[in-house]
Structures are given as structure tokens and as C-alpha cells.
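Numbering (this note's numbering), first residue to last: 129 to 384.
The following block contains the structure:
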């Protein structure tokens, strides 16, 4: 059953993002993504700092080794993003970020495929993280999957907007988005068979997962929220961030 949970958890985020992208206009998607970024910030930080890291440190593994893993993970994802292989696309032209004209075409690269390659690698890593969490503990897997899904939806919707602005048709952009999302399923299945026999590594894999969550939240999402906004927009950001934190707390209590 664990493998079934992993496959379902890795499928849901990609399917939801495709459904949302297919059912809403680009202008409405831009407004939805803005709020989802705040929500996913709260979910990622809450999951990493209130649940996954405490679980890893309560395992009995060396705290020094776990902190070194956390540092190594942060540096790894920094270097991966430097190589443009760990992309986080949450914006589009006209979204208020004041990007120059043709920004999305540059972000998408040649034909938009650099976006797809980068996000496929990102999704593959997410799949491995979900597998490791479910193998460690089912309710921990559920919370981890929630965090990844909360981030994956605005990421994939953002990719969809970039691909449209790079010249892809709606159908083609949705298709390639779905293909990119399927990389998470492959990562989850591979993680189940490769990580499963190495249970002593689970605390370190959980810390590596947390480093991914913290890096994405601090290096990518929070800077997008740090803009001068009217009081109402700022209040909405804080509200959605708080909703994300509360959502993690509720899921932890229910699943525990």
C-alpha cells in the first residue's frame, strides 16, 4: 500500500495544476497564483520547521550530522538553481513584478523546453522526497506530500503561463506540463525501491527534504512577497501565509 500512497501523492499535484490551468483564464490564473504563493510559503515553512525537522532530530541520529546535511542540502539546491535545473516559475508579464518586455520568452528559453527540463528535475526530486517520507512514516508522508502539492500547483501554473507567453498553444502547454509533472511519479517509484532498504538514512533524507522546503520558501517565494503593496494586499499575503501554517497543523493533528 505504501507504493500506492506514493504514486497517488505524486500524481495529485500535477493533475490539480493541469485542471486549474485548463479551467481558468490567464488573467485569473495570475491572480490565483499570487495568493497560492503566499499559501505555499506557509505550508513549506510549517512542514519543514514544525514537523519534518523535529521528526528527523527525534530519530536519535547525530544532531551535528543532521545540521551538516541541512547545510549541504541548502547549498546543493542553491547550486542546482544556479545551473537553472531547479526552477520556480510563479510569475508572468503584467503580474506587477515589473519585468521587461519578452521576459517570459527569455525565461522559457528556446521553445520553452529549458523550463520543462528544469521543472522535470525539480518534480523528480520532489517524488523521491515524498517516497522517503512515506517510507519513514505514513502520516509524515501525508504532510510532506501536502507541502509539495501546495508548492507544485503555483509552480506548474506559473510554468503554464510562461509557456503560453513563449508561443505554446494552450493544449501543447497543458500536455507538456502534465509530462513534466509525471517526473514526480517516476521519482516516487524509484525512491520507493532505492531508498526503501536503507532505513538508517531516513532521518538524513527528511532533513534533505526540509532543506528543499526552506530553500524554496526563503530564496524564491518570500522575495516575491517582499514588495511594496497596499495594506489590503499585504494583509491578504499574511492571511494566506497563516492559512498555510494552520493547514499543516490541522493535517498533523488529524493524521497523527
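Even for Gly, the Cβ is constructed at its ideal location relative to N, Cα and C. Note that this is a predicted model, so its numbers are computed, not measured.
Among the options, the one whose alpha carbon lies nearest that of residue i
i	options	result
residue 246	197, 191, 199, 305	305
residue 206	136, 343, 252	343
residue 181	270, 335, 161	335
residue 341	275, 259, 294, 361	275
residue 345	170, 139, 131, 208	170
residue 194	347, 355, 329	329
residue 203	347, 155, 255, 134	347
residue 211	250, 190, 184	250
residue 132	255, 374, 293, 354	255
residue 473	138, 248, 261	This structure cannot settle anything about residue 473, because the visible part of the chain is limited to 129 through 384.
Pair within 8 Å by beta-carbon distance, residue i and residue j
i	j	result
residue 282	residue 187	no
residue 148	residue 285	yes
residue 396	residue 141	Here the chain comprises residues numbered 129 to 384, so residue 396 is not present and cannot be evaluated.
residue 144	residue 289	no
residue 176	residue 252	no
residue 259	residue 320	yes
residue 146	residue 271	no
residue 364	residue 192	no
residue 314	residue 166	no
residue 339	residue 201	yes
residue 316	residue 154	no
residue 130	residue 318	no
residue 168	residue 267	no
First and last residue of the uninterrupted alpha helix (DSSP H) at residue i
i	result
residue 146	130–151
residue 296	Neither: residue 296 is in no alpha helix (DSSP H) and is coded neither H nor E.
task = Could you tell me which uninterrupted alpha helix (DSSP H) segments, each at least 4 residues in length, are contained entirely in the region 164–212, listed from first to last along the chain?
result = 181–185, 191–210
Start-end ranges of the alpha helix (DSSP H) lying completely within the region 326–366, minimum 4 residues = 330–343, 350–353
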